[in-house]
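Peer 1: Provided herewith is a single structure, encoded as structure tokens, for subsequent inquiry.
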Ligand SMILES: [Fe+2]
Ligand SMILES: [Fe+2]
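In the numbering used here, the protein residues as written are 82 to 546.
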């Protein structure tokens, strides 16, 4: 690794939320140059203290129900260990022994204080010798992040085709690293999982760009989403990227509060796209001007079609429309890829080439997406139930077995999704279809009394493809 005086120093980080753990872990690695040992429980902190010589303990106590700061402090006192302990949030630990930060403190401030205690100065970091490529522990890299600079993986010596004797040391170093994600691309969960299965422990950035990489990880896309100067198509593209970021990250760490905050920005931006679309055809043209996923395209279309239906229902209100947008955004969150979202019936899934495990995932995705969302406090009331019923099955365990007595919002969703799917599959195979033909298909598929209020409303949707 590299030497800046803090080399070999170990800091214990106690934090159970994966998104915070990753941000803290990367910042401590890059700014202070220490090795970070991650603990989720106090018991793990105690174990690290037994196994290693640790220089400092950093605890974010905000999200723990118990006073973890006090428990660690009591342990240190009992064992007579004099290790600096930094705690963010409330604690009853003695404040002249531990350092307590208000929970609103920013990360830079905390890092500054930790650096001071460890005698790390910006000069020592600057003068430190490090290799051309800086190692970042893969455990602190989350899918869904947008890379501000290229991210590499190290290639094993056997894989380097050209002998290093024939090239300069600089070129030889370059050959040892393979580009994984280029600037501006979103880190994919599948790629990270494959690397972790291959026992890869580090990814690499150009050492000169390491601060840029870490500083950009606070989901800056939410600022971009709110940029009033974005054109209609730029907005569609920016939301597509934010949508992908949320999808990727949710699969790894579930739905964090920060995810919901970004999702709400996205939903707001999606609704403004819809408002600026004079008709469905203009929205489609915007969506097809650039490459984006089926998952995103169908979410945006469902939102558009659902808003049209709800506006024309006698029970429709602004609150219901907002809830519907949330459902349109999150309903397939558990699905890994576009192909999984295109299945319409259970038999299509059974007859597909998907491995058994993935077939199960598709068949149960409504239930599992709802479960994932139900853990989040701030979701709109009842949104998880609509997500569970979004294919018409009360238990969320089938794509085609429609139950009696599902919620009216779920019925709207079924029509909106089917309508969106018909448009997208025709568009993808360059077939033309009009509103009349879609209505005919829908009325033969959903010939149920509870469903007959939606079709007349859909007849008023303007579509010419
Ligand atoms: Fe869907
Ligand atoms: Fe679905």
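Glycine residues also receive a C-beta, built at the ideal position from the N, C-alpha and C atoms.
Distance, Cα to Cα, residue 428 vs residue 186?
Peer 2: Computed Cα separation, rounded: 54 angstroms.
Peer 1: By the three-class DSSP mapping on this structure, what secondary structure does residue 120 have?
Peer 2: Strand at residue 120.
Peer 1: Cutting at 7 angstroms between CB atoms, please list the residues of its own chain near residue 98, excluding the five before and the five after it.
Peer 2: Closer than 7 angstroms at the Cβ level, and outside the excluded window around residue 98, lie 144, 337.
Peer 1: Does DSSP classify residue 140 as helix, strand or coil?
Peer 2: DSSP places residue 140 in strand when its eight states are reduced to three.
Peer 1: So the alpha helix (DSSP H) residue 286 belongs to, where does it begin and stop?
Peer 2: Where residue 286 is concerned, there is no enclosing alpha helix (DSSP H), although the beta strand (DSSP E) it sits in stretches over 283–287.
Peer 1: Is residue 422 close to ligand 1? I mean its beta-carbon at under 7 angstroms from any heavy atom of the ligand.
Peer 2: Yes - ligand 1 has a heavy atom lying nearer than 7 angstroms to the Cβ of residue 422.
Peer 1: Would you identify the three-state DSSP class for residue 312, choosing helix, strand or coil?
Peer 2: Note: residue 312 maps to coil in three-state DSSP.
Peer 1: Please identify the residue among 400, 423, 355 whose C-alpha is closest to the C-alpha of residue 382.
Peer 2: Of the listed residues, the one whose Cα sits closest to residue 382 is 355.
Peer 1: When DSSP builds the beta bridges, which residues end up paired with residue 218?
Peer 2: In the DSSP output, where bridge partners are listed per residue, residue 218 has 283.
Peer 1: Leaving out five residues on either side along the sequence, give the residues of the same chain with a beta carbon under 6 angstroms from the beta carbon of residue 294.
Peer 2: Cβ neighbours of residue 294 beyond the five flanking positions: 229, 230, 286.
Peer 1: Does the stretch 142–159 come close enough to the stretch 169–180 that 3 or more CB-CB pairs lie under 8 angstroms?
Peer 2: Judged by Cβ distances under 8 angstroms, the stretch 169–180 makes contact with the stretch 142–159, as three or more pairs qualify.
Peer 1: Are the C-beta of residue 259 and some C-beta of chain D separated by less than 8 angstroms?
Peer 2: No chain D is present in this structure, which holds just one protein chain.
Peer 1: Compute the distance between the beta-carbons of residue 493 and residue 391, then report whether it is under 8 angstroms.
Peer 2: It is a contact, given that the beta carbons lie within the stated cut-off.
Peer 1: Could you say which of 112, 100, 434, 128 lies nearest to residue 93 if we only look at CA atoms?
Peer 2: Of the listed residues, the one whose Cα sits closest to residue 93 is 128.
Peer 1: Residue 258 and residue 233 - do their beta-carbons sit closer together than 8 angstroms?
Peer 2: A contact, by the Cβ cut-off of 8 angstroms.
Peer 1: Can you check which of these residues, 236, 507, 528, is closest to residue 496 by C-alpha distance?
Peer 2: Minimum Cα distance to residue 496 is reached at 528.
Peer 1: Within 10 angstroms of the Cβ of residue 613, are there 16 or more other Cβ atoms? Answer buried if so, exposed if not.
Peer 2: This structure cannot settle anything about residue 613, because the visible part of the chain is limited to 82 through 546.
Peer 1: Could you say which of 115, 103, 217, 95 lies nearest to residue 334 if we only look at CA atoms?
Peer 2: Of 115, 103, 217, 95, the residue nearest in Cα terms is 103.
Peer 1: State buried or exposed for residue 176, treating a residue as buried only when at least 16 other CB atoms are found within 10 Å of its CB.
Peer 2: Looking at its Cβ environment, which holds fewer than 16 other Cβ atoms inside 10 Å, residue 176 is exposed.
Peer 1: Measure the C-alpha to C-alpha separation of residue 83 and residue 115 and round it to an integer number of angstroms.
Peer 2: Legend: pLDDT at residue 83 = 46, less than 50; position of this residue unreliable, value from coordinates given subsequently. Each residue's Cα considered, the two are about 10 angstroms apart.
Peer 1: Give the single residue among 224, 292, 289, 297 whose Cα lies nearest to the Cα of residue 261.
Peer 2: It is 224 whose Cα lies nearest to the Cα of residue 261.
Peer 1: Contact between the stretch 419–435 and the stretch 533–546: three or more CB pairs below 8 angstroms?
Peer 2: Segments in contact, no.
Peer 1: What are the boundary residues of the alpha helix (DSSP H) that includes residue 466?
Peer 2: Taken as a continuous stretch (DSSP letters only), the alpha helix (DSSP H) holding residue 466 covers 464–469.
Peer 1: Can you tell me whether DSSP reads residue 182 as helix, strand or coil?
Peer 2: It is a strand residue.
Peer 1: Bridge partners of residue 166, per DSSP?
Peer 2: 138.
Peer 1: Using the C-alpha atoms, what's the distance from residue 192 back to residue 541?
Peer 2: Cα to Cα, residue 541 sits roughly 58 angstroms from residue 192.
Peer 1: Where do the N-terminal and C-terminal ends of the alpha helix (DSSP H) with residue 355 fall, by residue?
Peer 2: Note, residue 355: alpha helix (DSSP H), 338–356.
Peer 1: Just verifying my parser: in three-state terms, what is the DSSP assignment at residue 458?
Peer 2: If DSSP states are grouped into helix, strand and coil, residue 458 belongs with coil.
Peer 1: What would DSSP say about residue 423, mapped onto helix, strand or coil?
Peer 2: Reduced to three states, the DSSP call for residue 423 is helix.
Peer 1: Less than 8 angstroms between the CB atoms is what I'm expecting for residue 227 and residue 267, so what's the real figure, rounded?
Peer 2: Yes, they are in contact, since the Cβ atoms of residue 227 and residue 267 sit about 6 angstroms apart, within 8 angstroms.
Peer 1: Look at the Cβ atom of residue 188, then the Cβ atom of residue 108, and state whether they are nearer than 8 angstroms.
Peer 2: Cβ atoms of residue 188 and residue 108: closer than 8 angstroms.
Peer 1: Residue 448 and residue 475: beta carbons closer than 8 angstroms?
Peer 2: Contact: no.
Peer 1: Looking at residue 413 and residue 376, is the spacing between their C-beta atoms short of 8 angstroms?
Peer 2: In this structure, residue 413 lies closer than 8 angstroms to residue 376 by Cβ.
Peer 1: Once the 5 residues before and after residue 370 are set aside, which same chain residues still bring their CB inside 6 angstroms of it?
Peer 2: Closer than 6 angstroms at the Cβ level, and outside the excluded window around residue 370, lie 314.
Peer 1: Span of the alpha helix (DSSP H) holding residue 437?
Peer 2: 437–444 is the span of the alpha helix (DSSP H), which, as asked, contains residue 437.
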